[in-house]
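Here is the structure we will look at, set down as structure tokens.
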Amino acid sequence: MIATIKGTLVEANPTIALVEIGGIGYEVHIPLTTMEKLPSPGVQVFLYTHTVYREDSQAIFGFHAKDERDFFRMLIEKVSGIGPKIALRIMSKLSIAMLKSAIISSDVSLLAKCPGIGAKTAERLIIELKDKVSPSIASNSRLPHQGLDATSSTTSRDLMVDAITALSTLGFKFPDADKAIRRASQELGPNATIEELIKQALG
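Residue numbers (my numbering): 140 to 342.
This is the structure we're talking about:
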């Protein structure tokens, strides 16, 4: 199994990073938390990886930090109904610290707000992982976060993520989309809707 990958970052969007190694480009699926920490294109990047093999294909999933990769593995290996793509969506919506805290406190409503997760899956996630996440791990697991602050309210974080992703799909490069939405959020205040954020960012 490919455990790490080190090469030149060719390009990236909120879900995929293209990394060149020895003239070969590897498509690496990433969560938004990793996207926020990627260097500029042309700069060397190092990612912890997990590879999923299927009969007719294989997919590489990359993470900025080892504990992100390990938590991803725990999600897809221990929780029935959560595959790699849903796991990435969960980790793009909530930080590792918030996820672990939600599991320990049995916060079904918070977990159910993640894309692809309903109340039943959230309950199953808590049951399967609660004994694997200790309070000390949760309290010490905050990652350095240059992007959306893990301590901000879930609603604000959700809106920011959705707004940044929306701008990215419109052709904005991630750093530009991130900067524009942050500026719009500061100008409009915490009660702005996603539509208002995008409209303000577009000028």
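Cβ atoms here follow ideal geometry from the backbone N, Cα and C, with glycine treated the same way.
Predicted, not measured: the structure shown is a model, and the values here were computed from it.
Residue pairing of Thr190 in beta bridges, as defined by DSSP: Ile199. About 5 angstroms separates the beta carbon of Ile199 from that of Val167, a gap short enough to meet the 8 angstroms contact definition.
Excluding its 5 nearest sequence neighbours in each direction, Glu207 has C-beta neighbours in its own chain below 8 angstroms: Pro170, Thr172, Thr173, Tyr187, Met230, Ile235, Leu282, listed in chain order. Under the DSSP assignment, Thr173 falls in the alpha helix (DSSP H) whose first and last residues are 171-174.
If you look at Lys318, you'll find it in the alpha helix (DSSP H) that goes 313-327. Collapsing the DSSP output to three states places Val167 in a strand.
In the three-state scheme derived from DSSP, where H, G and I count as helix and E and B as strand, Lys252 is classed as coil.
Out of Asp270, Gly220, Arg212, the CA that lies nearest to the CA of Ser240 is found in Asp270. Membership of Ile266 in the alpha helix (DSSP H) is indicated by the continuous run 258-268.
DSSP places Ile160 inside the beta strand (DSSP E), whose first and last residues are 155-160. For Leu238, the uninterrupted alpha helix (DSSP H) run begins and ends at 235-243, by DSSP. Here the C-alpha atom of Leu264 lies approximately 8 angstroms from the C-alpha atom of Ser219.
Counting of Cβ neighbours within 10 angstroms places Glu175 among the buried residues, the total reaching 16 or more.
Looking at the backbone, the Cα of Phe202 and that of Met213 are separated by about 14 angstroms. Remark: C-beta atoms of Thr304 and Pro180 do not approach each other more closely than 8 angstroms.
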